[in-house]
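In our numbering, the protein residues as written are 200 to 360.
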Amino acid sequence: MNAASDIGGRITRTYRQTIEATPAAVFPLLCPVREAEWLDGWRYTMVHSRSGLAEHGAVFTTPQAGEADTVWIVTRHDAAAGAVEFARFTPGLHVCLLTVAVSPASEGRSHVDVTYTYTALTSAGARWLALFTEEAFLDAVTFWERAMNHFVKTGSRLAKS
């Protein structure tokens with residue numbers, strides 16, 4: 200493959216969530232370990248973390264139905280700035296840069312800006328990108344928003360319907 204080749208291109212999807220909690224309460228939930236507390240269906244295997252939680256350089260995997268496990272690396276974890284970034288690699292399909300920025304909204308609320316940038320690595324990855332429509336993305340991130348809001352209000356997980 201030469202530098203001019205573009206297997207399937209790249210797509211970026213962005214959404215702003217509003218969470219009914221302060222950034223100090225929201226940011227720690229952006230961690231594979233803590234995500235299991237509030238996001239129904241979330242499964243992960245921690246490969247490396249000194250603290251056992253999300254931190255710069257932490258590595259974990261997630262299973263994907265019908266695909267190889269996705270490998271995640273925490274490339275930025277800055278609680279003071281409310282920023283976390285993950286590089287994700289799904290062998291044979293795509294790579295993804297996921298950035299999440301938490302900022303104060305109105306009193307006791309936060310904005311959580313979520314951006315996924317996927318790049319296809321193969322023709323199968325290009326087909327996957329074609330299925331990752333705006334509608335599919337919004338279904339995922341709006342459930343995430345509802346689930347996190349449910350958790351910060353009740354302390355329990357919202358079941359997927």
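For glycine and all other residues, C-beta sits at the position ideal for the given N, C-alpha and C.
Owing to the predicted nature of the structure, the values given are computational and were not obtained by experimental measurement.
- As the crow flies, the alpha-carbon of Asp-239 is around 21 Å from that of Val-246.
- Cβ neighbours of Ser-248 within its own chain (closer than 7 Å, five residues either side excluded): Glu-254 and Ala-257.
- Your pair Val-294 and Val-301 does not check out as a contact, with CB atoms roughly 24 Å apart and the cut at 8 Å.
- Within the same chain, Cβ atoms closer than 8 Å to the Cβ of Val-232 are found at Tyr-243, Met-245, Gly-251, Leu-252 and Ala-253, the five residues on either side in sequence being excluded.
- Restricting attention to beta strand (DSSP E) runs no shorter than 3 residues, the segment 281 to 319 encloses them at 282 to 289, 293 to 303 and 309 to 319, ordered along the chain.
- Boundaries of the alpha helix (DSSP H) around Arg-233: 231 to 237.
- For Asp-338, the uninterrupted alpha helix (DSSP H) segment begins and ends at 333 to 353.
- Note on Ser-322: under 16 other CB atoms within 10 angstroms of its CB, so exposed under the neighbour-count rule.
- Cβ neighbours of His-276 within its own chain (closer than 7 Å, five residues either side excluded): Ala-253, Glu-254, His-255 and Val-283.
- Residue pairing for Tyr-243: DSSP places it in no beta bridge.
- In this structure, the straight-line span from the alpha carbon of Trp-271 to that of Thr-318 is close to 15 Å.
- Counting along the chain, no beta strand (DSSP E) covers Arg-249, and no H or E run does either.
- Between Thr-316 and Thr-211, the C-beta gap is smaller than 9 Å, which places the two residues in contact.
- Of the candidates Ala-220, Leu-228 and Trp-241, Trp-241 places its Cα closest to the Cα of Ala-339.
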